[in-house]
Amino acid sequence: DDVYIDGVVTRGEAEALFRLNDHLSRVDPLWDSRFVEAITDFLLVREVPEGWVTEEEANWLISQIQSDGTTRTTTEVDLVLSVLRQAEGAPQKLGRFALDVVSDLIIKIGQADLEMVERMRRALFAPSGDQGTWVSRYEACILFRTNDAIATARNNPAWNDFFARAIANHLLACAHPEPMSESEALSRQTWLADT
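If you want it as structure tokens, here you go:
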């Protein structure tokens, strides 16, 4: 709780929290939530421009998570997802990184439980994704790679549903390279009916 006296105000303090996290993660759920909150706050409130993740900040965050050379923890994955959810904008590379690390974690665990399915959903539809709410070819490839690795595992049924819907979304995007918004589709439908 001492971290919250004045918040995390420097990169050095933030990096010290990452080193602590390397030793404390999976020990105390309260630590996990405080760590995610502190680093998210640092990136989106303390760093300029407020509310946005710059290319340089994305590179810094990725390097902090990859610094120890070990497989990412769920705490680090949740941190990236938290930043993407709360940011007004972030580089595409951070969205792709989130998708990659969730995929890697599912493959490492050897199955997709309900929590991991939800993490994958959040990563896939993060605001900095390739095509917004449409699943890109890159994203579809990550999903296929993940599914191939856990195809015979005892996955939560939500995985199969999520995977099928995401790939169907990708195929629709391929069939209609410039998908209309809902309002445009309704307006066109009204015009066609009137004509």
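Residues 5 to 199 (my numbering) are what the sequence shown spells out, left to right. We put the beta carbon where it would ideally sit given N, CA and C, even for glycine.
Does the separation of the CB atoms of residue i and residue j fall below 8 Å?
i, j, result
"R223", "R126", "Outside the displayed range of the chain (5 to 199) lies residue 223, so it cannot be described from this structure."
"V12", "D45", "yes"
"S107", "T79", "no"
When DSSP labels each residue in this structure, what does residue i get in the three-state scheme?
i, result
"G99", "helix"
"G16", "helix"
"T199", "Low confidence applies here, because T199 scores a pLDDT of 47, under 50, leaving its location unreliable; read the following figure in that light. Of the three classes helix, strand and coil, the one that applies to T199 here is coil, per DSSP."
"V7", "For V7, the pLDDT reaches just 49, beneath the cut-off of 50, and the residue's location in the model is therefore unreliable, although a value from the coordinates is still provided. In the structure shown, V7 sits in a helix (DSSP, three-state: H, G or I)."
Closest to residue i by C-alpha separation, out of the options, would be which residue?
i, options, result
"R141", "I171, A116, L34, A130", "I171"
"V57", "S37, D82, G99, D26", "G99"
"W163", "E17, T156, L24, V121", "V121"
"L118", "F167, A94, V87", "F167"
"R50", "T77, G16, L28", "G16"
"L160", "I146, M124, L34, A130", "Residue 160 is actually Asn in this sequence, not Leu. Among I146, M124, L34, A130, the Cα nearest to that of N160 is on M124."
"I97", "E61, T77, S86, R76", "Per the sequence shown, residue 97 should be read as Lys rather than Ile. That would be E61, whose Cα lies nearest to the Cα of K97."
"G55", "S86, L34, D165", "S86"
"N63", "D36, F101, L34", "F101"
Could you name the residues of the same chain whose beta carbon sits closer than 7 Å to that of residue i, not counting the 5 residues immediately before and after it, in chain order?
i, result
"A144", "I171, H174"
"T156", "none"
"L24", "none"
Starting from the C-beta of residue i, find all residues in its chain whose C-beta is less than 6 Å away, skip the five residues before and the five after it, and write them out in chain order.
i, result
"T199", "Low confidence applies to T199: its pLDDT is 47, below 50, so where it sits in the model is not reliable, and the reading given next is rough at best. If we look at T199 and ignore the five residues flanking it on each side, it has no Cβ neighbours."
"V105", "R76, V81"
"I146", "L103, S107"
"L28", "W35"
"F22", "Q68"
Mind reading off the beta-carbon distance from residue i to residue j? Whole number of angstroms is fine, and I expect it under 8 Å.
i, j, result
"L103", "I43", "Not a contact, Cβ separation roughly 19 Å."
"E19", "Q68", "7 Å"
"L65", "L47", "7 Å"
"A177", "W138", "4 Å"
"P53", "A94", "In fact, because the Cβ distance is near 12 Å, the residues do not count as touching under 8 Å."
Beta-carbon within less than 8 Å of residue i's beta-carbon, same chain only, minus the 5 sequence neighbours each way: which residues are those?
i, result
"I154", "I110, I111, G114, Q115, A116, W163"
"R158", "Q115"
"E59", "P95, K97"
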